[in-house]
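Chemist: Below are the structure tokens for one structure; questions will follow.
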Amino acid sequence: MKVLVVGGAGYIGSHCVRQLLEAGHQPVILDNLVYGHRKAVAEGVPFYDVSLGDKEKVKDILESEAIELVMHFAAYCYVGESVTAPLKYYENNFVETLRLLEAMLDAGVTKFVFSSTCATFGVPERLPMTEDLPQAPINPYGQTKLDVENLLKSLAHAHGLSFAAFRYFNAAGASEDGSIGEDHDPETHLIPLVIDAATGKRENIKIFGTDYDTPDGTCLRDYVHVDDLSRAHIAVFDKLDQPGAQYFYNLGTGTPNSVREVIAAVEKATGKKVPVVEVERRAGDPPALYADSTKAKQELGWVVKFDTIDKIVETAWRWHSANPDGYGDR
Ligand code: UFG
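Quick note on numbering that gives the first Met the number 0: the sequence shown kicks off at 0 and runs consecutively.
What follows is the structure, given as structure tokens:
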């Protein structure tokens with residue numbers, strides 16, 4: 000399958016490109032490199048430094064490359080920033096995605112795989128989280144992703160778009176061969192921050208809240224390896240042959256890990272003690288988020304290969320120890 004990977008130079012997109020190549024597909028990358036990295040672009044893969052909202056250029060690329068399916072990873076993903084700068088998030092995550100979808104329909108491309116998030120659920124009514132829970136985002140980031148999910152439903156109905164939306168839990172880890180990994184600027188995600196605290200690149204890791212109603216008082220999250228996420232995106236291809244088909248899947252390992260457990264996993268992988276400072280809760284953090292991914296397992300045959308926090312952190316450490324400055328381009 001000829002696949003346009005929008006955001007293919009970013010964290011999850013770049014891992015998905017490798018998985019597409021391994022599975023014998025032909026990826027083409029579109030990324031404006033605002034957050035993506037030129038060095039994360041897989042060798043030999045056609046690359047377009049174009050914004051996803053540039054409808055005419057995107058349409059040309061879809062036609063000239065004879066694209067059959069589009070995967071879309073190019074979103075802004077800082078929850079806190081989305082609260083203080085909502086227009087930026089609505090513009091990029093919603094309006095530009097709408098332009099991308101317009102370009103697709105103009106070019107006659109009707110298969111779409113969308114990177115959504117567990118943040119569309121807000122504070123969940125039940126745990127573990129199944130697909131049918133009410134979606135009530137508590138920040139503009141989650142809201143923009145939910146808005147796209149709803150737009151996709153309308154396009155499926157009106158224009159026969161077939162799509163899958165994957166709600167990721169906490170994407171983590173790096174490719175097993177250590178060639179690509181997680182490099183955000185600024186970095187706000189727990190695992191890379193804890194690794195930096197272990198190596199001395201940062202003074203310490205601040206634990207945001209130790210008084211949650213959880214076994215060790217810190218927040219529980221479902222850390223899921225980027226390569227596991229990527230494999231689900233490819234496993235859904237066959238289902239998109241049916242015009243108007245729509246699928247939603249929650250993707251997580253199903254195993255919650257606390258902030259303290261992540262720190263312990265980093266200490267184990269690195270052999271270094273992590274300096275910890277306990278601080279107040281971070282606004283907007285739900286105490287616990289973890290997935291029930293039975294639907295993806297049953298319908299897609301999805302298998303979680305990296306099924307412990309230790310396995311995930313090991314891959315992250317391999318990348319960070321070999322690339323202490325990430326891609327070194329910021
Ligand atoms: N945390 C700390 N200290 C830090 C950073 C994080 O204690 O310095 C804690 C957070 O409070 C949270 C956990 O570590 O309990 C994970 O935090 P991240 O910022 O790594 O991830 P989030 O769970 O906040 O966010 C993730 C994705 C978002 C997505 C969100 C859905 O990164 O894109 O899940 O809730 F929107």
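By construction, the Cβ of each residue, glycine as well, lies at the ideal position given by its N, Cα and C atoms.
Computed from a predicted model, the values in this text were never measured in an experiment.
Taking one C-beta from the region 126-145 and one from the region 76-89 each time, how about it: are there three or more such pairs within less than 8 Å?
Modeler: Yes: the two stretches touch, three or more of their Cβ pairs being nearer than 8 Å.
Chemist: Please confirm whether M103 and V5 have their CB atoms less than 8 Å apart.
Modeler: No, they are not a contact pair.
Chemist: Between which two residues does the alpha helix (DSSP H) holding S153 run?
Modeler: Run containing S153: 139-158, per the alpha helix (DSSP H) assignment.
Chemist: Identify the continuous beta strand (DSSP E) that holds R166 and give its terminal residues.
Modeler: Residues 161-167.
Chemist: Among the candidates G216, P26, W301, whose CA atom is the shortest distance from the CA of P260?
Modeler: The amino acid at residue 260 is misidentified as Pro; the sequence shows Glu. Checked all of G216, P26, W301; the closest Cα to E260 is G216.
Chemist: Would you tell me roughly how many angstroms separate the C-alpha atoms of D240 and F207, rounded to the nearest one?
Modeler: Rounded to the nearest angstrom, the two C-alpha atoms are 45 Å apart.
Chemist: If you check the beta carbons only, do A170 and L228 fall under 8 Å apart?
Modeler: In this structure, L228 lies closer than 8 Å to A170 by Cβ.
Chemist: In three-state DSSP terms, what is L219?
Modeler: Looking at L219 - three-state DSSP - the assignment turns out to be strand.
Chemist: Run the CB neighbour count on N92, radius 10 Å, all protein chains shown included, and call it buried at 16 or more, exposed below.
Modeler: Looking at its Cβ environment, which holds 16 or more other Cβ atoms inside 10 Å, N92 is buried.
Chemist: Between the region 265-272 and the region 218-228, do at least 3 Cβ pairs fall closer than 8 Å?
Modeler: The answer is no - the region 218-228 does not touch the region 265-272, with fewer than three Cβ pairs under 8 Å.
Chemist: Given 7 Å as the limit, tell me if D210 has its C-beta closer than that to any heavy atom belonging to the ligand UFG.
Modeler: D210: no, Cβ never under 7 Å from the ligand UFG.
Chemist: Any heavy atom of the ligand NAD within a distance shorter than 7 Å of the CB on N149?
Modeler: Within the structure as shown, the ligand NAD is missing, the only ligands being the ligand UFG.
Chemist: Under 7 Å Cβ to Cβ from A234, same chain only, skipping five residues before and after it: list those, please.
Modeler: The answer, listed in chain order, is L299, G300, W301.
Chemist: Taking the DSSP output, what are the residues bridged to P26?
Modeler: DSSP lists V2 as partners of P26.
Chemist: Does the beta-carbon of K333 have 16 or more other beta-carbons within 10 angstroms, so that it is buried, or is it exposed?
Modeler: Outside the shown range of the chain, which is 0 to 329, sits residue 333, and nothing can be said about it.
Chemist: Report all residues for which the CB-ligand distance to some heavy atom of the ligand UFG is below 6 Å; order them along the chain.
Modeler: That gives C76, V78, T116, C117, A118, Y140, N169, T187, H188, L189, L192, I204, K205, I206, F207, C218, R220, V258, R281, D284, L288.
Chemist: Determine the closest residue to N249 out of R230, V258, L32, Y289, with distance taken between C-alpha atoms.
Modeler: The residue with the shortest Cα to Cα distance from N249 is Y289.
Chemist: Candidates P286, K54, V265: which alpha carbon is nearest L189's?
Modeler: Of P286, K54, V265, the residue nearest in Cα terms is V265.
Chemist: On the three-state DSSP scale, how would you describe V225?
Modeler: DSSP places V225 in helix when its eight states are reduced to three.
Chemist: Run through DSSP, which three-state label would V303 get?
Modeler: Three-state result, V303: coil.
Chemist: What separation, rounded to the nearest whole angstrom, lies between the Cα atoms of A164 and A106?
Modeler: Distance between the alpha carbons of A164 and A106: 21 Å.
Chemist: Within 8 Å, do at least three Cβ pairs link the region 23-35 to the region 47-66?
Modeler: Contact between the region 47-66 and the region 23-35 is present, because at least three Cβ pairs lie under 8 Å.
Chemist: Would you identify the three-state DSSP class for N256, choosing helix, strand or coil?
Modeler: Residue state, collapsed to three classes: strand.
Chemist: Using a Cβ-Cβ cut-off of 6 Å (strictly less than) and excluding sequence neighbours within five positions of K144, which residues of its own chain qualify?
Modeler: So the qualifying residues of the chain are S115, T116, T119.
Chemist: Could you check how far apart the C-beta atoms of H14 and D182 are, in whole angstroms? I think they sit under 8 Å.
Modeler: Rounded, the Cβ-Cβ distance is 12 Å, inconsistent with contact.
Chemist: Does D237 have its Cβ less than 8 Å from a Cβ in chain B?
Modeler: Of the chains in the structure shown, none is chain B; there is only one protein chain.
Chemist: Look at I204 and L192 and say whether their C-beta atoms are less than 8 Å apart.
Modeler: A contact, by the Cβ cut-off of 8 Å.
Chemist: Just to confirm, are A173 and W318 a CB contact at a threshold of 8 Å?
Modeler: Their beta carbons are under 8 Å apart, which means A173 touches W318 by this criterion.
Chemist: Once you ignore the five residues that flank G251 on each side, which residues in its own chain have a CB closer than 7 Å to its CB?
Modeler: Excluding positions up to five away in sequence, the list reads F168, D221, V223, Y289, A290, S292.
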